[in-house]
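Worksheet for the structure shown next.
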Amino acid sequence: MEFVVGLWSVDTLQSSFTLADVNQRIEWLAKALKALNDRVSREKFPKAQTVRGIFLAPEYFLAHKKKKSGDATQWDAERTISAVQRDSCVQRICKLSKNYPNILIIPGSIAWKKTFERDARDKKTIDRRLRGIGHIEHYINLDNNYHIGGTTARKLDIDGTITYRPSMAAKKEIVRGNSFTENVKGKIFHTEKMIKYYMRNTAYVFHNGNIIYKYHKLGDFFESINTSDTVFIPSQRSPIVSIQVTASQKMTFGFEICLDHNLGTLNAISKDTGAAPLDFHTICSASVENEINNMCMRDGGYMLHASSEQQSTAIYERVGSDKRPVLTIENSYPSGFKLEFKKIFFPANADTFIRNLYRALVAYEIERSIMGSKESLNALNKLMSLITKGEYASARAHLDWYMGNDKATQPTGAGAQIPKDKRFYNLLKEVKV
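In numbering that gives the first Met the number 0, the protein residues as written are 0 to 432.
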């Protein structure tokens, strides 16, 4: 099974993008989705495959706009949008996704806030503050066993300045309205004033007009800033979900947002719960580097990462114990922001030969596109068609013919053999079982 993945490297922290409101950002999203859909439409897929493209954007794709762009560590306005704005954005993206029924859409994350007080019409009766405290107890925080570079207990280094964050115990008191934190480096955190709102950083997953999953960030990297009445609360929701990709098949996706990957939360939760290694490990960040040891996809699975930093935007394939970067087949620039297209492939079985053959075909497809060459086009298209349809025995027979192997006979529909002095021949010669 083959997918075309679109990774959008939008600088959501310090570029001109941060000056745009959520309405403008969704208009840009629509153009990016059209670009991916156009690329997906150039490939051939089985009719039963309901997910053919996967779209991923960075963290904070939807957040309150800044007053001016600049230093990524400085936010001159509150980061969150309201729950009402969030719901409006989500409904608009649902409608967009209906236009692209074969694309799984993960449009980065939304920073949003909601009041602790329930509306009189709310049918739910659980006290949000008590529920929030319960979620904090579930929270993987930096005060205990998890640390990142430059940190000590309750302190974090931002641009060389040691800053303060509340401990888990203090955070519970903040939710109750009994504690405060300091004003550090121009950022106002929480004061003695009663906390009115909780905030979350959430990645929604859309498919064919529906929200099929949402993941709330666990790691708190100063999520709630420039506000005195809002506190970040993580969720107990599992970061792992099975998603329908064909009429009869589901695949497993695991989610992390930025600091989560630094901390290895998905890896830790997978081990703690005994979850099987994932088909897809997805990351939205602004930004975090790719940590090889924290990737937890299965052999033959993929890590997908859309970052605000282009150098961190990537796909890695797990091959045995190795994790290898996947080549970009093409770039597009909808609304001026780089959108990378990559193709990934899951063979019907763990056939190493077929996986290696697919990589060689994609590598030649990229080179041929760059050079504008039509050389060996029949062989390229025929081999790609056979392996993506799962006709592996036929693919081997065709390859034997194209390579001029002894006793090979010309299969029906196969074109001329590949000259031995050509680049494509040498790429295929390196394919190993």
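Even glycine gets a Cβ: it sits at the ideal position worked out from N, Cα and C.
Practice problem: Classify residue 250 as helix, strand or coil using the three-state DSSP reduction. | Solution: strand
Quiz item: Run through DSSP, which three-state label would residue 34 get?
Solution: Residue 34 falls in the helix class under three-state DSSP.
Quiz item: Would a check of beta-carbon distances place residue 108 closer than 7 Å to chain B?
Solution: Absent here is chain B; the protein component of the structure consists of one chain.
Quiz item: Within the chosen definition, does the segment 232-242 reach the segment 266-284 through at least 3 CB pairs nearer than 8 Å?
Solution: yes
Quiz item: Taking just the CA atoms, how far does residue 31 sit from residue 111?
Solution: 23 Å
Quiz item: Under a Cβ-count criterion, where at least 16 other Cβ atoms within 10 Å of its own Cβ denotes burial, should residue 10 be classed as buried or exposed?
Solution: Taking a 10 Å sphere around the C-beta of residue 10, we find 16 or more other C-beta atoms and assign the residue as buried.
Quiz item: Roughly how many angstroms separate the alpha carbons of residue 204 and residue 56, rounded to a whole number?
Solution: Distance from the CA atom of residue 204 to the CA atom of residue 56, rounded to whole angstroms, is 11 Å.
Practice problem: Run the CB neighbour count on residue 77, radius 10 Å, all protein chains shown included, and call it buried at 16 or more, exposed below. | Solution: buried
Quiz item: Would DSSP call residue 366 helix, strand or coil?
Solution: helix
Quiz item: Ordered along the chain, which non-local residues of its own chain (more than five positions away) have a Cβ less than 8 Å from that of residue 309?
Solution: Counting only residues of its own chain and dropping the five nearest sequence neighbours on each side, residue 309 has a CB closer than 8 Å to the CB of 8, 337.
Practice problem: Check whether the Cβ atoms of residue 102 and residue 54 lie closer than 7 Å to each other. | Solution: yes
Exercise. Check the DSSP bridge columns for residue 330 and list the partner residues they point to.
Key: 339
Practice problem: Give the C-beta separation of residue 427 and residue 6 to the nearest angstrom, bearing in mind that I take them to be a contact with Cβ-Cβ under 8 Å. | Solution: Between residue 6 and residue 427 the Cβ distance is about 28 Å, and since that is not below 8 Å, they are no contact.
Quiz item: Pairing CB atoms from the segment 411-423 with CB atoms from the segment 375-389, are three or more of them under 8 Å?
Solution: A contact is defined here as three or more CB-CB pairs under 8 Å, and the segment 411-423 meets this definition with respect to the segment 375-389.
Quiz item: Would you say the beta carbon of residue 100 comes nearer than 6 Å to a heavy atom of the ligand MN?
Solution: Absence of the ligand MN from the depicted structure is noted, as is the absence of any ligand whatsoever, leaving it without description.
Quiz item: Does the beta-carbon of residue 425 have 16 or more other beta-carbons within 10 angstroms, so that it is buried, or is it exposed?
Solution: exposed
Self-check item: Straight-line Cα distance separating residue 417 from residue 396
Solution: Whole-angstrom Cα-Cα distance: 14 Å.
Practice problem: Return helix, strand or coil for residue 54, following the three-state DSSP convention. | Solution: strand
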